[in-house]
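Chemist: Chains as they are written, first to last, in my numbering: chain A, 1 to 641; chain G, 642 to 1282. Even for Gly, the Cβ is constructed at its ideal location relative to N, Cα and C.
There are 2 protein chains.
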Amino acid sequence: MLSQRYISGFKSLRIKLLRTFSSKMPKVATATGNQLKRLRDCMLDTKLVPQPLHAYIVPSADSHGSEYLAECDKRRAFISGFTGSAGTAIITQDHACLWTDGRYFLQATEEMDTHWTLMREGLPTTPKQATWLCQTLSTGSVVGVDPNLLSYNTWMPFKDQLESAGHKLIPVEKNLVDLVWDDKPSVACNPVVPLPLKFSGKSIKDKLTDIRSQMHEKNASLLVLTFLDEIAWFLNMRGSDIEYNPVFFSFVIIGEKEFTIFIDAKKFTPEVEAHLKTEADGEKFHIKDYNQIKTTLKDQLADLQGRVWICQDANYSLSSLVSSKIAVRENTPIQLMKAIKNPVEIQGMRNAHIKDAAALCCYFAWLEKNVSSGQITEISGADKLEQFRGMQEDFRGPSFDTISSVGPHGAIIHYKPTKDSDVPIRSDCIYLCDSGGQYRDGTTDVTRTLHFGTPTDYEKECFTRVLKGQIKLGTSIFPSKIRGNYLDSFARQYLWEVGLDYSHGTGHGIGAYLNVHEGPIEVSWRTTKEDPGLDVGMFISNEPGFYENGSFGIRIEDIVQIVPAQTKHNFNNRGFLTFETVTLVPIQTKMMMVDMLTTAEVEHINGYHQKCRDVVGPLLEKQGHKEAKEWLWRETEPICK
Amino acid sequence: MLSQRYISGFKSLRIKLLRTFSSKMPKVATATGNQLKRLRDCMLDTKLVPQPLHAYIVPSADSHGSEYLAECDKRRAFISGFTGSAGTAIITQDHACLWTDGRYFLQATEEMDTHWTLMREGLPTTPKQATWLCQTLSTGSVVGVDPNLLSYNTWMPFKDQLESAGHKLIPVEKNLVDLVWDDKPSVACNPVVPLPLKFSGKSIKDKLTDIRSQMHEKNASLLVLTFLDEIAWFLNMRGSDIEYNPVFFSFVIIGEKEFTIFIDAKKFTPEVEAHLKTEADGEKFHIKDYNQIKTTLKDQLADLQGRVWICQDANYSLSSLVSSKIAVRENTPIQLMKAIKNPVEIQGMRNAHIKDAAALCCYFAWLEKNVSSGQITEISGADKLEQFRGMQEDFRGPSFDTISSVGPHGAIIHYKPTKDSDVPIRSDCIYLCDSGGQYRDGTTDVTRTLHFGTPTDYEKECFTRVLKGQIKLGTSIFPSKIRGNYLDSFARQYLWEVGLDYSHGTGHGIGAYLNVHEGPIEVSWRTTKEDPGLDVGMFISNEPGFYENGSFGIRIEDIVQIVPAQTKHNFNNRGFLTFETVTLVPIQTKMMMVDMLTTAEVEHINGYHQKCRDVVGPLLEKQGHKEAKEWLWRETEPICK
């Protein structure tokens, strides 16, 4: 599944296409007048804010920089009525403005009432938020925001820009939206469970040793963890406070001789306590309430020798406690340690992908048999797929909203079928299915594009160009530690040849029974200076695509593991790497224009399909999925030029 | 020829190899004791410096950010004795340190006397200059530097780092090295000549209109030009104040209603005056002395409405006159205008490359015939090549030091034969020749790698892999305005396949009868945020290579023009581009392993060679170069699989 952050440039077709294709009625906008009035009162109430605010910013964020938000954190959706995943609201006494990108222009227009002005991000005529504030506010204005919801790296330039125009940006610790959100969902407090060593592969104590060794290199006496997947990885525990992400609300501070977990006491069950004691194996730790993080950090800073390592993307509320003189504002050491899977995690990831392949074979076989009934829809199909995944060992749920999309819906890159948009899966157009599972041994993410009837030549040509790019990237050999950005054009070249392309990145990191999108690596046109480059033991997606607006979408997505390449030479002792595909689901040969493939590509495809038979076949057999196995054999018949 | 700034990672083999290969004696180090003592006295003399200096920095730079330095600007070489192209000296009362990179470790060791400490840049144990100053100086120290020799973008972080450690960085306008450099060469004051419209393609007045339109967009009332090639381009004039670069020392300030040229009065001949009057066509301009730039800029700033556009890389002395409140610190509009050649420049560039190809055919034919004599050396060969270029119309001189290198010398990426290193060109090893010419209609830069005997299979394999990459990049189709970085892996992939690579970028921009290295575009692993991406009308080099230390070097370099690609589709209306190779010199087929080439590659090579015959053949014929024409025909015999 595509990471939200690297999609760009495509047109806002979602609502328009839904209408055209499903001819459902648009929604009624959410009334926001009352809550906006109350919020504006709060902005002026000096019992609630340090000083009266001329503007209040409501980001889409939680205190942990999470990609997905828990219900209780969807404050921007509540205050504005707009439910899309990306957007920022700014409220003054006279204005209520909502910035969002092209994907959501129509949806926002429909969902927001007349109190709101849509600020179309990405259009040259739309001012950026800070610029708009500078243009709109009288000199000397005060802008407030919950400092838990902006990262340090976002806060600082925003503040600079406001200050250079004579305004102030101030932290307002009491969240004003919460004060006017009467039926706000409570913070999730779902159970936390240990992840046994047979899945994690490395004890807390051993991870601690590695982390402290890196802290030592930076002369850091404290390391503050705020990202939920980093904490879950470090503690070998999993939760379910955020949908699809097996994480739990918490903070951690690691010192030189002890570490402290900040977590709701209700989650600290005897089972968790026993797990921590066993795995910490003599290392000292404390449990404190989730809300004590700031006071504890302040206390620890008071008599500190050495520096404090806190990621530049940690929230400003915590980050600002650490003076820049002693701060190491870099990615935590955990980010890279987590990206490079250990041998147990590698085995688990590979195993999870075999089980996942079995579930997908069952689903596609079932679909092929039943699609002609006309009764299976995008949603009921996705549900069936989840049922098949549920039959697999250690399945814990989907790793993201299944993108089950028919015809033109496939061209909406982040399509998720809703009751309003749901349509039957048909045999006269392309079906794109992007889905993944959370298993205790690994996380999966796979996209296959199928046609249950007869694809057009144009569809086949586009599919084949996407496939050639996917093979080219997947079989490439490259020096160790180069950034994925450097390989992205390999996946696009066959589309470029005829003037085609796709408006999203080609690969994202993936967690081991953790978040389906995981930094710090990626394969895309973007470069980030924090990207450490590709290395052995990392897993990344390989998912080029092509989208014909209003007509169809094609994407082929595998998860690949980075492994050493066996090369004759080794220039400058850099070490050369390649990918090994761990996704084992047939790629529909019906969609291929075999004449466009080289002999090497044909051999690659046949080899891959043979591996699907060899590895997934026995599991299907063992599980008694006879029809799925037959489907697998049919779909993996060798092709020849 | 490779741009200095994007070579990295290769070992310092220059001196070592020279010894091994030519067995000449090392040089004697330059005595610097006297001049260092005098410089240290100057540092403390408050008649010369605003306050006593604890450290003085001597960069390798001029006031214009030039890549090549005039003799009078080689201050760092004078003070330290080290003559390499890259390096920075820092002198305190107790220390004299010279920072340079791995290419020059041995050379610096040999050239510098015992007063100097070599700081080996790039080694993890070597502190960076500012860090070393912070570690070495007592708190409250004063560091001085000539502000004309550091760019604004270099100065600011340097100053921040020193200040955060309690020191000061101060500008010292009087250059202290000049005060102790008794036989300093005088500033070149070579004639300046107009470049007629038939070569420039666009009058000063028309350029001015475009420049002012971009100034207007930025609300800039003044534009300060400090880069010599930008000034030469704007004024349609050429000079020779710096070797190989047809530029002249000058500054320009463009206002809304007039522009001012700061230049030595001796250069302002009646011919230049007439040229300016004609081409300015009524636009008002003034001539002032070169040294009046600062006082004039101050005066103009005094009563200014609007902002001042000055490149972030302009020298600090000038840049600091412009307060950041009104400064537009971005690349000047000229940089991109100059990179996108106009139709006359395009025609000129293509024509220059045809003439250049004729000269190279003459040289290689002559070499092939005479190499067996054993009398032709790297230097005498290069001289002969210059003679052949000199026979071509409008030739003005080489565009850089010819890299004429035999065997292991070819593995030294920036090799230039000297009297000490010069060896005969032989038929038992590879000969790499990277050279270029300045013609009034264009600048050329071409590398060919030849063997006059029988290459080994390994040499042929490496050559063929380099060639395949060069063809792949040269024939690629890509969306308009993507950065060249994005295409770099195309050129490397066939080397990567077997664990090989090269430690330099793949392409640099090139001027039209201007500098052989020209920003802002490039094809390399680096990305710069100022890179505007590739666009129609740009020219860039395509020069992958491979270097086997101690043995041989291979590089194949063409200049390519960016042209629209004829694609069936046009995704998102981006426009798709490709390259057209304008260099027309045969690539030695003897060096190719034909079995490693695809049919398409063989056809491409044969097509290219046919074009060499068709275009260069008639010119050779016309010029009466019979042997060269025969050589051209022999070298362009079609190959077949």
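1) Which value, in whole angstroms, describes the spacing of the CA atoms of V322 of chain A and L301 of chain A?
2) Please list the partners that H569 of chain A has in chain G, where partner means a Cβ-to-Cβ separation under 7 Å.
3) Does the distance from the C-beta atom of L48 of chain A to that of L179 of chain A stay below 8 Å?
4) So within the segment 68-149 of chain A, which uninterrupted alpha helix (DSSP H) runs reach at least 4 residues, ignoring any that extend past its ends?
5) Alpha carbon to alpha carbon, how far is S63 of chain A from G33 of chain A? Give it in angstroms, no decimals.
6) Within the 8 Å Cβ cut-off, does S186 of chain A reach chain G?
7) Could you check if Y1080 of chain G is buried or exposed, using at least 16 other CB atoms within 10 Å of its CB as the buried criterion?
8) Which of the three DSSP states is assigned to I379 of chain A in this structure?
9) For C42 of chain A, I'd like the list of residues in its chain whose CB is within less than 6 Å of its CB, leaving aside the five on either flank, ordered along the chain.
10) With DSSP as the reference, label K277 of chain A as helix, strand or coil.
11) What three-state label does DSSP hand A314 of chain A in the structure shown?
12) Please classify A906 of chain G as buried or exposed, where buried requires at least 16 neighbouring CB atoms within 10 angstroms.
13) Using a threshold of 8 Å, state whether the C-beta atoms of E518 of chain A and A339 of chain A are closer than that.
14) For chain A, find out if any of its Cβ atoms is closer than 8 Å to the Cβ of F1193 of chain G; answer yes or no.
15) Under the three-state reduction of DSSP, which class applies to F900 of chain G: helix, strand or coil?
16) Under the rule that 16 or more other beta-carbon atoms within 10 Å means buried, what is G1094 of chain G, buried or exposed?
17) Taking CB distances under 8 Å as the criterion, tell me whether Y1072 of chain G reaches chain A.
18) Please classify M642 of chain G: does DSSP put it in a helix, a strand, or coil?
19) Taking buried to mean at least 16 other C-beta atoms within 10 Å of its own C-beta, is D735 of chain G buried or exposed?
20) State the start and end residues of the unbroken alpha helix (DSSP H) segment that holds S164 of chain A.
21) Do you know offhand how far R1037 of chain G's Cα is from S1165 of chain G's?
22) Assuming D787 of chain G and V813 of chain G make a contact with CB atoms under 8 Å, what is their CB distance in whole Å?
23) How would you label Y1099 of chain G, buried or exposed, when you count the other beta carbons within 10 angstroms and need 16 or more for buried?
24) Does the count of Cβ pairs from the segment 1182-1201 of chain G and the segment 1106-1122 of chain G closer than 8 Å reach three?
25) Would L778 of chain G and H808 of chain G be called neighbours here (beta carbons separated by less than 8 Å)?
26) With distances taken from CA atoms, which of G:P1049, G:V1223 and G:K848 is nearest G1178 of chain G?
27) So, at 6 Å on beta carbons, what are the nonlocal neighbours of D356 of chain A in its own chain, with the 5 sequence-adjacent residues on each side left out?
28) Would you mind listing the alpha helix (DSSP H) stretches within the segment 1108-1156 of chain G that are 4+ residues and don't spill past its ends, in chain order?
29) For a test of the three-state rule: what should DSSP assign to F395 of chain A, helix, strand or coil?
30) Considering only heavy atoms of the ligand SAH, does any lie closer than 7 Å to the CB of A382 of chain A?
31) Can you tell me whether M666 of chain G is buried or exposed, with buried defined as 16 or more other CB within 10 angstroms of its CB?
32) Nearest-angstrom Cα distance between N1211 of chain G and I413 of chain A?
33) Measuring alpha carbon to alpha carbon, tell me which residue in G:G1115, G:L685 and G:Q1134 is nearest E1221 of chain G.
34) Could you tell me whether the Cβ atoms of L1155 of chain G and D870 of chain G are closer together than 8 Å?
35) Nearest to E271 of chain A by CA position, among A:R238, A:S164 and A:D160, is which residue?
36) Beta-carbon within less than 6 Å of T20 of chain A's beta-carbon, same chain only, minus the 5 sequence neighbours each way: which residues are those?
Modeler: Concretely, from the data shown:
1) Here residue 322 of chain A refers to the residue found at position 322 when the first sequence is read from its first residue. Here residue 301 of chain A refers to the residue found at position 301 when the first sequence is read from its first residue. Cα-Cα distance, rounded: 8 Å.
2) Translated into positions along the first sequence, residue 569 of chain A becomes position 569. Chain-order list of chain G residues neighbouring H569 of chain A: V1139, G1140 and L1141, by C-beta distance under 7 Å.
3) As a position in the first sequence, residue 48 of chain A is number 48, starting the count at 1. As a position in the first sequence, residue 179 of chain A is number 179, starting the count at 1. For L48 of chain A and L179 of chain A, yes; Cβs fall inside 8 Å.
4) Qualifying alpha helix (DSSP H) stretches, in chain order: 75-80, 105-111 and 129-136.
5) Taking the first sequence and counting its residues from 1, the one referred to as residue 33 of chain A is at position 33. Taking the first sequence and counting its residues from 1, the one referred to as residue 63 of chain A is at position 63. Computed Cα separation, rounded: 27 Å.
6) Locating residue 186 of chain A in the first sequence gives position 186, counting from the first residue. Taking Cβ atoms only, chain G never reaches closer than 8 Å to S186 of chain A, which makes this a no.
7) The residue you call residue 1080 of chain G lines up with position 439 of the second sequence. The residue in question, Y1080 of chain G, is buried, as its Cβ has 16 or more Cβ neighbours within 10 Å.
8) As a first step, residue 379 of chain A must be located in the first sequence, where it is residue number 379. Correct three-state label for I379 of chain A: helix.
9) Translated into the one-based positions of the first sequence, residue 42 of chain A becomes position 42. Here the set comprises L48, L176 and L179.
10) In the first sequence, the residue the question calls residue 277 of chain A occupies position 277. Residue state, collapsed to three classes: helix.
11) One-based indexing of the first sequence puts residue 314 of chain A at position 314. In the three-state reduction of the DSSP assignment, A314 of chain A falls in the coil class.
12) Counting from one through the second sequence, the residue named residue 906 of chain G turns up at place 265. Counting C-beta atoms within 10 angstroms of its own C-beta, A906 of chain G has fewer than 16 neighbours from the protein chains shown and is therefore classed as exposed.
13) The residue given as residue 518 of chain A occupies position 518 in the first sequence. The residue given as residue 339 of chain A occupies position 339 in the first sequence. Yes, Cβ-Cβ distance for E518 of chain A and A339 of chain A is below 8 Å.
14) For the purposes of this step, residue 1193 of chain G is taken as residue 552 along the second sequence, with counting starting at 1. No - not a single Cβ of chain A is within 8 Å of the one on F1193 of chain G.
15) Sequence index remark: in the second sequence, residue 900 of chain G carries index 259 (1-based). In the structure shown, F900 of chain G sits in a strand (DSSP, three-state: E or B).
16) Your numbering for residue 1094 of chain G matches position 453 in the second sequence. Burial call: exposed.
17) As a working mapping, residue 1072 of chain G is identified with position 431 in the second sequence. By this cut-off, Y1072 of chain G is not an interface position.
18) As a first step, residue 642 of chain G is located in the second sequence; it is residue number 1 there, counting from the start. In the structure shown, M642 of chain G sits in coil (DSSP, three-state: anything other than H, G, I, E or B).
19) Position 94 of the second sequence, counting from 1, holds the residue named residue 735 of chain G. Exposed, because fewer than 16 other Cβ atoms sit within 10 Å of the Cβ of D735 of chain G.
20) Working through the first sequence from its first residue, we reach residue 164 of chain A at position 164. Taken as a continuous stretch (DSSP letters only), the alpha helix (DSSP H) holding S164 of chain A covers Y152 to S164.
21) Along the second sequence, read from residue 1 onward, the residue named residue 1037 of chain G stands at position 396. Along the second sequence, read from residue 1 onward, the residue named residue 1165 of chain G stands at position 524. Whole-angstrom Cα-Cα distance: 30 Å.
22) Within the second sequence, the letter at position 146 stands for residue 787 of chain G. Within the second sequence, the letter at position 172 stands for residue 813 of chain G. At roughly 6 Å, the Cβ-Cβ gap stays under 8 Å, so D787 of chain G and V813 of chain G are in contact.
23) Sequence index remark: in the second sequence, residue 1099 of chain G carries index 458 (1-based). Under this definition Y1099 of chain G is an exposed residue.
24) Flag = yes, the segment 1182-1201 of chain G and the segment 1106-1122 of chain G touch.
25) Within the second sequence, the letter at position 137 stands for residue 778 of chain G. Within the second sequence, the letter at position 167 stands for residue 808 of chain G. Yes, these two residues count as a Cβ contact at 8 Å.
26) Taking the second sequence and counting its residues from 1, the one referred to as residue 1178 of chain G is at position 537. Looking at the Cα atoms, G:V1223 is the closest of the given residues.
27) In the first sequence, the residue the question calls residue 356 of chain A occupies position 356. The beta carbon of D356 of chain A is closer than 6 Å to those of G437 and T444 in its chain, skipping five residues each way along the sequence.
28) Counting only runs of 4 or more, we get 1129-1137.
29) Numbered from its first residue, the first sequence carries residue 395 of chain A at position 395. In the structure shown, F395 of chain A sits in a strand (DSSP, three-state: E or B).
30) With respect to the ligand SAH, the structure offers nothing, as it holds no ligand at all.
31) As a first step, residue 666 of chain G must be located in the second sequence, where it is residue number 25. In this predicted model, M666 of chain G has a pLDDT of only 49, less than 50, meaning its place in the structure is not dependable enough to derive any value.
32) By one-based count along the second sequence, residue 1211 of chain G stands at place 570. By one-based count along the first sequence, residue 413 of chain A stands at place 413. If you draw a straight line from the Cα of N1211 of chain G to the Cα of I413 of chain A, it comes to about 19 Å.
33) Walking along the second sequence from the start, residue 1221 of chain G turns up at place 580. The residue from G:G1115, G:L685 and G:Q1134 with its alpha-carbon nearest to that of E1221 of chain G is G:G1115.
34) Sequence index remark: in the second sequence, residue 1155 of chain G carries index 514 (1-based). Sequence index remark: in the second sequence, residue 870 of chain G carries index 229 (1-based). The Cβ-Cβ distance between L1155 of chain G and D870 of chain G falls below 8 Å.
35) Sequence index remark: in the first sequence, residue 271 of chain A carries index 271 (1-based). Measuring from the Cα of E271 of chain A, the nearest candidate turns out to be A:R238.
36) What you label residue 20 of chain A is simply residue 20 of the first sequence in a count that begins at 1. Below a pLDDT of 50, predicted positions are generally treated as unreliable, and T20 of chain A, at 39, falls in that range; no measurement from the model is reported.
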